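What the sequence shown shows, in the working numbering, is residues 43 to 226, in sequence order.
Okay, structure first, notes after.
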Amino acid sequence: IQDALSRHLGLPFAFFGHSMGAALAQEVARRLRRDRQPLPTALMVSGARAPQYRRGHVPPPEPSDEELMDQLRAVQAPGSPLLDKPEALRLFLPALRADTKAYRGYVYQEDQPLPVPIYAYGGRDDHQVSTAHLDAWRAQTTGSFALRMFPGGHFYLRSNALLFLPAMSEDLGGASKRAAASLP
């Protein structure tokens, strides 16, 4: 990811990651910092526990196809095309398995908090990621932190896009203004 981004790092940018993408976005930002590359103007994390919850994580055994499909059903919104078409779910299963395997094996390693604002978002009815899980992201920054909760479950951002997108846009605008004000 860092290699793909390298030619674009001269422009202001922010990272957004939902669920396992939040850990991925944070790890890429940490890697950029280690390599003394420009950092994002903001880290926006959604539907994800703060990474410190994965300290000393011991990956569970690989689930069977049926167990993996049950896990996916548990976080998918009702009416999801994948849930309504089991044959489509099986078609996407290899890609989904690769994604979940990567995250299943992720173990958080201690590092200094990032000097960028973090915005955390979540669904009030998400049974896997609580407000406390999201609030714990504040320990990952020396910059500002904000938490916003929306109606809905794990995929609140899809079912409540008309609420979520303007809020994220407002946060991104604020982060951009702060970054511009800090330029020489």
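Glycine included, C-beta positions come from ideal geometry on N, C-alpha and C.
Here the structure is a predicted model, which means the values were calculated and not measured.
Integer Cβ distance of Ala-67 from Phe-55, believed to fall under 8 angstroms: One-based indexing of the sequence shown puts residue 67 at position 25. One-based indexing of the sequence shown puts residue 55 at position 13. That pair is no contact at about 11 angstroms.
What residue range does the alpha helix (DSSP H) around Gly-194 cover? Position 152 of the sequence shown, counted from the start, is the residue given in the question as residue 194. Note, Gly-194: premise wrong, no alpha helix (DSSP H); not H, not E.
Return the Cβ separation of Gly-59 and Ser-106 in integer angstroms, given the expectation that the two are a contact with Cβ distance under 8 angstroms. By 1-based counting over the sequence shown, the position of residue 59 is 17. By 1-based counting over the sequence shown, the position of residue 106 is 64. With 8 angstroms as the limit, Gly-59 and Ser-106 do not qualify as a contact, their Cβ atoms being about 28 angstroms apart.
Burial state of Thr-184, where buried means 16 or more other Cβ atoms lie within 10 Å: Start at 1 with the first residue of the sequence shown, and residue 184 comes out as number 142. So Thr-184 ends up on the exposed side.
If I follow the unbroken alpha helix (DSSP H) through Phe-134, where does it start and stop? Numbered from its first residue, the sequence shown carries residue 134 at position 92. Segment 128-146, the alpha helix (DSSP H) holding Phe-134.
Residue range of the beta strand (DSSP E) that includes Ala-162: By one-based count along the sequence shown, residue 162 stands at place 120. Residues 160-165.
Cα separation between Arg-146 and Arg-76? For the purposes of this step, residue 146 is taken as the residue at position 104 of the sequence shown. For the purposes of this step, residue 76 is taken as the residue at position 34 of the sequence shown. Arg-146 and Arg-76: Cα-Cα distance of roughly 24 angstroms.
Of the residues Pro-93, Gly-98, Asp-45, which one's Cα is nearest the Cα of Arg-73? If you number the sequence shown from 1, residue 73 lands on position 31. For Arg-73, the nearest C-alpha among the options comes from Asp-45.
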